[in-house]
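In what follows, a single structure is set out as structure tokens and then discussed.
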Amino acid sequence: MKRSLLILFLLIFSLTTMSAQDIADVRRQYQETLKRIEETDKALNANEKSVKNQLYRYNIINDQVKESQKYLNRLNAEYNKTRSAINELNKEIKALNAELEKRQEQYAKMVRQLYIRLNDNDKLMFIFSADDLSQSWRRMRYLNDYAKYQRQQAEVIKEKQAEIETAKADLESKRKEQAELVAEQTAEQNRLKKERSKQNSIVQNLKKKRSSLQAELKKEKQKADRLNKKIEEIIAAENKQSSAAGSSGTASAYAMSVDEKKLAAEFGNNKGKLPFPVSQAGTIVVHFGEQKHKDMKYVQTNSSGIDIQTKPGAEARAIFKGTVSKVFSVQGTNFSIIVRHGNYLSVYSNLEKVSVKAGQTVKIGDKLGTIYSDPDQNNLTIMHFQIWKDLQKLDPELWLKKN
753 MKRSLLILFL LIFSLTTMSA QDIADVRRQY QETLKRIEET DKALNANEKS VKNQLYRYNI
813 INDQVKESQK YLNRLNAEYN KTRSAINELN KEIKALNAEL EKRQEQYAKM VRQLYIRLND
873 NDKLMFIFSA DDLSQSWRRM RYLNDYAKYQ RQQAEVIKEK QAEIETAKAD LESKRKEQAE
933 LVAEQTAEQN RLKKERSKQN SIVQNLKKKR SSLQAELKKE KQKADRLNKK IEEIIAAENK
993 QSSAAGSSGT ASAYAMSVDE KKLAAEFGNN KGKLPFPVSQ AGTIVVHFGE QKHKDMKYVQ
1053 TNSSGIDIQT KPGAEARAIF KGTVSKVFSV QGTNFSIIVR HGNYLSVYSN LEKVSVKAGQ
1113 TVKIGDKLGT IYSDPDQNNL TIMHFQIWKD LQKLDPELWL KKN
């Protein structure tokens, strides 16, 4: 019984300790994400007249709502774990109390029987009335063993009482934790309600400016198409050049040397571990691929990469070692840089200053250039970032570690 209760207690303790550590990490990461998103929202809201900025705001608030819902789900899961732990502790305390009561009854009965049978004089008579010395010795040892057993039982009772007090303290701690979780859930639900209200307000505002928004989206699409066309032309030309150099390259696939194959394999093995490509805190305001907005069915975007809003003066940083393939510019995107990592390529666009040149080798984290800050948009600073494998566009968010 004692062993099973100890195992149960240790299991509850280890699980709840791990759970407390996990929720603390989740809470810290969530607060950091919220802070970053709120800073981005503030920067974007500085120019309320810009429909593009308001669409960015809609996107990040949508992300914030999703993060908030995920966090609420985690809080609910933690609440359920805490409730289960409380139930187990209540069972444990009940079992310990039952065992303690049983031992106390046994101990009291044993003491009463000994008192009735033998007082101090009786003990001496019991020893000296033996038939011989050997029997006296055995009787004396019996009395000593019995007294020792009494002391042991008294210690066991004390231990059980201590176990109960510890379990009660743990129970009180879990109840306090449960109350804190309930309060946090309520606060988070209220915050989520406010975010949804803010999101709805942006939607209503954008609906009033539907024609302006659609014109802006058309303009952005044309700019993105020009950039993608240029990137595809550069990649195809390099692929053909690798073929002309004696390798088996084609327009759609780059022929790699032994070292480039090794580099590409290293890059591939780092999927989900690559650093964020900006030097300061950044928030993704446009996600990869086709995005349909359920609140605005007439709005549909398709991005070949991600747009990262960051602070003025932020730099573009290489996400992995490689070679600068091309530095170029197209209308409306300022400077762009392509870095080759075997048959993988990373693209950094909307830079106002460039710090590298074609053919230059770069290491992970090296400065590539300074991101453009738009003076007409209250110095709004956004970098467009892409990852390619030959002529295939990849979702950067799957390759970058969580920011």
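If you read the sequence shown in the working numbering, its first letter stands for residue 753, the second for the next number, and so on.
Using N, Cα and C, we set each Cβ at its ideal position, and we do this for glycine too.
Exercise. Where does A914 fall in DSSP's three states?
Worked result: helix
Exercise. Is it true that the CB of T792 sits closer than 7 angstroms to the CB of Q1061?
Worked result: yes
Exercise. Taking the runs of the alpha helix (DSSP H) that are 4 residues or longer, which of them lie wholly in the stretch 1019-1069?
Worked result: DSSP runs (the alpha helix (DSSP H)) wholly in the stretch 1019-1069: none.
Problem set entry | Rounded separation between R948 and K1046 - CA only | 13 angstroms
For this session: For L841, I'd like the list of residues in its chain whose CB is within less than 8 angstroms of its CB, leaving aside the five on either flank, ordered along the chain.
Result: I764, A919, D922, L923, K926
For this session: Taking 7 angstroms as the cut-off, decide whether the C-beta atoms of I813 and K945 are in contact.
Result: no
For this session: Determine, using beta carbons only, whether P1127 and I1058 come nearer to each other than 7 angstroms.
Result: no
Exercise. Taking C-beta to C-beta, are A1068 and L1026 nearer than 7 angstroms?
Worked result: no
Exercise. Residues in its own chain within less than 7 angstroms of E915 by CB, not counting five upstream and five downstream?
Worked result: Non-local beta-carbon contacts of E915 in its own chain, meaning distances under 7 angstroms to residues more than five positions away in sequence, involve L848 in chain order.
For this session: Tell me whether G1001 sits in a helix, a strand or coil according to DSSP, three-state version.
Result: Legend: pLDDT at G1001 = 49, less than 50; position of this residue unreliable, value from coordinates given subsequently. G1001 falls in the coil class under three-state DSSP.
Exercise. At a cut of 8 angstroms, does the stretch 951-961 reach the stretch 806-825 through at least three beta carbon pairs?
Worked result: Using a C-beta cut-off of 8 angstroms, the stretch 951-961 makes contact with the stretch 806-825, since at least three inter-stretch Cβ pairs fall below that distance.
Exercise. Are three or more beta carbon pairs between the stretch 1062-1082 and the stretch 1031-1044 nearer than 8 angstroms?
Worked result: Yes, they touch.
Problem set entry | Cutoff 7 angstroms; reference E1012; Cβ partners in own chain excluding five residues on either side | For E1012, where only same-chain residues beyond five positions count, the Cβ hits under 7 angstroms are G1094.
Exercise. Around the C-beta of R890, are 16 or more other C-beta atoms found within 10 angstroms, so that it is buried, or is it exposed?
Worked result: exposed
Exercise. Going by beta carbon distance, what residues of the same chain come within less than 6 angstroms of L1146, once the five residues before and after it are set aside?
Worked result: I1139
Problem set entry | Residues sharing a beta bridge with K1105, DSSP | T1122
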